[in-house]
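Contents: one structure, followed by commentary.
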Amino acid sequence: MKTNNLEKDINQLKYLTCKMCLIAQSGHPSSSLSCSEIIGSLYLKLMDLDSDKFILSKGHASPSLYSALMMIDKIPKDLINNLRNIDSPLQGHPDVTRLKDVNVTTGALGQGLSFAIGLAIGKKIKKEKGNIFCLIGDGEMQEGQIWEALMFAGNNDLPNLITFLDFNKGQSDGKVEQIMNISPIDKKLEAFGWEVKEIDGHSLSEIENTVKEKLSKKDGKPLFIISNTKKGYVSPNLTILDGNHGASINDEIMNKVIEELEISKR
Amino acid sequence: MKATRDFFGDYLLKLAKNNPKIVVVNCDLGEATRTLAFKDIYPERYIQAGIAEANAISISAGLAKEGLIPFVTSFGHFLTGKFLEIFQSIGLNNSNVVMVGTHAGLAIGKDGPTQMGLRDIALMRTLPNVRIYHPINPEQVAESLDEIVKVDGPKYLRLNRQPQEFFKLDNSINFGHGDLIFKGKDILVISQGAPTVEAYHAIKSLNYESKIGLLCISSMPINNDSYASIVSQYNKLLIVEDHFEIGGIADLVSRLISEKNINIEFNTINVSDYGQSGDPKDLYSRYNLDQKSIEKKLKKLLNE
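Residue numbers (this note's numbering), protein chains in the order written: chain A, 35 to 300; chain B, 88 to 391.
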């Protein structure tokens, strides 16, 4: 499905994300909401679903990915009742052996970017077209393997690799800058050989323009998009769960989300 | 003299000639893992990851997802040390990746225990979809590699650094069912990899072929019924492995005889500590894995 109304469809995606987390009473909703616009824009508008691939390295945002897969009819919407349940394809973190559409198993942080690089090299070896999009978390940047991967990509010719950083500034124990500061990210990434852009990660136009500009070039460096986001972002007027990484959604919060997103109750 | 890692490097070139899917992901050990010739002939299919095994492992999983057959090569110890990455990127992705771990066991020698692959089998055995291959001669290396490119899913190929006096086998590998080298009757020696060659020469030099059986575990997982039907024919077992005493083939066989209610005397030669530096031959002697030590042990078990 290519969207006719991206903003409305991403609202629907956020609704599905919140609803499945409400039913499961777990599922990292705040970390899923911070990247809803990125994942939604990619799946509903920007990716060529035949030749491009998306890799969710921060696997705990799986509800957002599952919602996008529902929106493009890859998986049935009634699975929102089955997040994190026994024998469900919607595992707490993406498990490709139970749901092939997630492309890769992630969850232990730090590995997805390397996997995405493997896909990008694979396309190159096979001389096939296709872009690889990867989403990593800011806390995840504390993992050593991320820096191995950043070094590798910067040293190899991988113009078809686009990495989003969901820079929501929060992680399990608190604020990223207090736990293990990762800034200045732009200078580090440029020194590692990447092209770097910084955007508002909730702005659909900034996401689209940045991706389209890169795709219009056929060569160059891999692109790293520092996407400034908020944990628990629903809309400019509503951010839920107060930046808490592990908190779950209750009925009261769900009602606020429904009202804010103008989702008709069902 | 050559080692199984040499046969691997040679045969990989042959396979790659007719199989464009084969790629190598190297971790700055091209010479040691015998993949440099591959680089010269197929540079576009040779990926240098540098000293970054975790990255190499997950990149390999990505390559496999694109339909390629990546061989990610390093010392077995360095590769399997990245267990979390193997668990997730290769295991729980069910990736068609060939992990090639060279310098198995004590025989890396003077570099010592920080480089010594003595726990790699134990780690790989905990991943339910990883197949393990440990060939003992050039023919078995070729047969293993033929099988490896045919079978989908994660694989671990364990190879040795030390040159040995290899011998030819009558039969090709019976994958999963065990390869009986000598039938014997009283004692069954079960071994894997390089110590199998030592055990072979020990039995030969004592002229014990009619008394002692020799069973080689060239591939795992094993078929319990096939192994049980062999093991149950003997009175005494001697397991010989160049691996830590826990998690290797001694554990594998002890579980087999428990589950199958086989009444048999159980003896082992393996490594019970972290290992240490030393000449490979001296280490094999010190840890009783060499031909002479195996001869001594067999005589004792036969009360001779």
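A virtual CB, placed ideally from N, CA and C, is assigned to each residue, including glycine.
Predicted model, so just to flag it, every value in this text is computed and none were measured.
Compare the C-beta of E153 (chain B) against all C-beta atoms of chain A and say whether one is closer than 7 Å. yes
Along the chain, where does the beta strand (DSSP E) containing V245 (chain A) start, and where does it finish? It is not in any beta strand (DSSP E) - V245 (chain A) instead sits in the alpha helix (DSSP H) that spans 238 to 250.
Taking Cβ-Cβ distances below 7 Å as the criterion, which residues of the stretch 101 to 123 of chain B are in contact with chain A? V110
Between the stretch 132 to 150 of chain B and chain A, which residues of the former have a C-beta closer than 7 Å to a C-beta of the latter? R132, I134, A136, A139, A141, N142, S145, I146, S147, A148, G149, L150
Rounded to the nearest angstrom, what separates F269 (chain B) and I349 (chain B) at their Cα positions? 20 Å
Residues of chain A with a CB under 9 Å from the CB of E230 (chain B): which are they? Simply none; closest approach about 27 Å.
Would you call T201 (chain B) buried or exposed, if buried means 16 or more other Cβ atoms sit within 10 Å of its Cβ? exposed
Start and end residues, beta strand (DSSP E) containing E232 (chain A): 229 to 234
Compute the minimum distance between the beta carbon of L123 (chain B) and the heavy atoms of the ligand FMN, and state whether it is under 6 Å. The ligand FMN is not part of this structure, which contains no ligands at all.
Check each candidate in B:H288, B:L100, B:Y133, B:A148 and name the one with the smallest Cα separation from L147 (chain A). B:A148
Enclosing alpha helix (DSSP H) for S231 (chain B) [first to last residue]: 225 to 237
Own chain residues within Cβ distance below 6 Å of I219 (chain B), not counting five before or after: M211, Y243, M307
How would you label N284 (chain A), buried or exposed, when you count the other beta carbons within 10 angstroms and need 16 or more for buried? exposed
Give, in chain order, every unbroken run of the alpha helix (DSSP H) that is at least 4 residues long and sits entirely within the stretch 39 to 74 of chain A. 40 to 58, 63 to 67
Cβ-Cβ separation, Q251 (chain B) to A281 (chain B) (assumed contact under 8 Å), whole Å: 6 Å
By DSSP, does F167 (chain A) sit in helix, in strand, or in coil? strand
Using a cut-off of 7 Å between C-beta atoms, extract the partners of I159 (chain A) located in chain B. V110, E131, R132, L155
Just grab the DSSP bridge partners of Q135 (chain B) for me. B:N113
Could you tell me which residues DSSP puts in a beta bridge with Y220 (chain B)? B:L244, B:S306
Closer than 7 Å, Cβ to Cβ, to anything on chain A: give me those residues from the stretch 160 to 176 of chain B, in chain order. L171, E172, Q175, S176
By how many angstroms is the C-alpha of K237 (chain B) removed from the C-alpha of G152 (chain A)? 21 Å
Beta carbon proximity, N181 (chain B) to chain A, threshold 7 Å: yes
Taking the alpha carbon of S278 (chain B) as the reference point, which residue from B:Y314, B:I138, B:L293, B:Y129 has its own alpha carbon closest? B:Y314
Three-way DSSP call (helix, strand, coil) for N189 (chain A) in this model: helix
So if I threshold CB-CB distances at 8 Å, which residues from the stretch 164 to 183 of chain A count as touching chain B? G178, Q179, E182, A183
For H330 (chain B) and K101 (chain B), what's the separation of their Cα atoms in angstroms? 31 Å
Could you give the first and the last residue of the continuous beta strand (DSSP E) run that contains N262 (chain A)? 257 to 262
Can you confirm whether G156 (chain A), when its beta carbon is compared against all beta carbons of chain B, has any partner nearer than 7 Å? yes
With 16 other Cβ atoms within 10 Å as the buried cut-off, status of S75 (chain A): buried
Excluding the five sequence neighbours on either side, which residues of its own chain have a C-beta within less than 7 Å of the C-beta of D313 (chain A), listed in chain order? Beyond the ends of chain A as shown, which are 35 and 300, falls residue 313 (chain A); an answer cannot be given.
Drop a sphere of 10 angstroms on the beta-carbon of F353 (chain B), count the other beta-carbons inside from all chains shown, and report buried for 16 or more, exposed for fewer. exposed
Would you list the one or two residues that DSSP bridges to Q205 (chain A)? A:G208
Terminal residues of the alpha helix (DSSP H) in which F149 (chain A) lies: 146 to 160
8 Å Cβ shell around K299 (chain A) - same chain, five flanking residues per side excluded: Its pLDDT being 49, under 50, K299 (chain A) is placed unreliably in this model, and the coordinates cannot settle the point.
Between which residues of its own chain and D43 (chain A) is the CB-CB distance below 8 Å, once the five residues before and five after are set aside? T37, G74, L78, M105
Among A:A154, A:G173, A:S217, A:A142, whose alpha-carbon lies nearest the alpha-carbon of G164 (chain A)? A:A154
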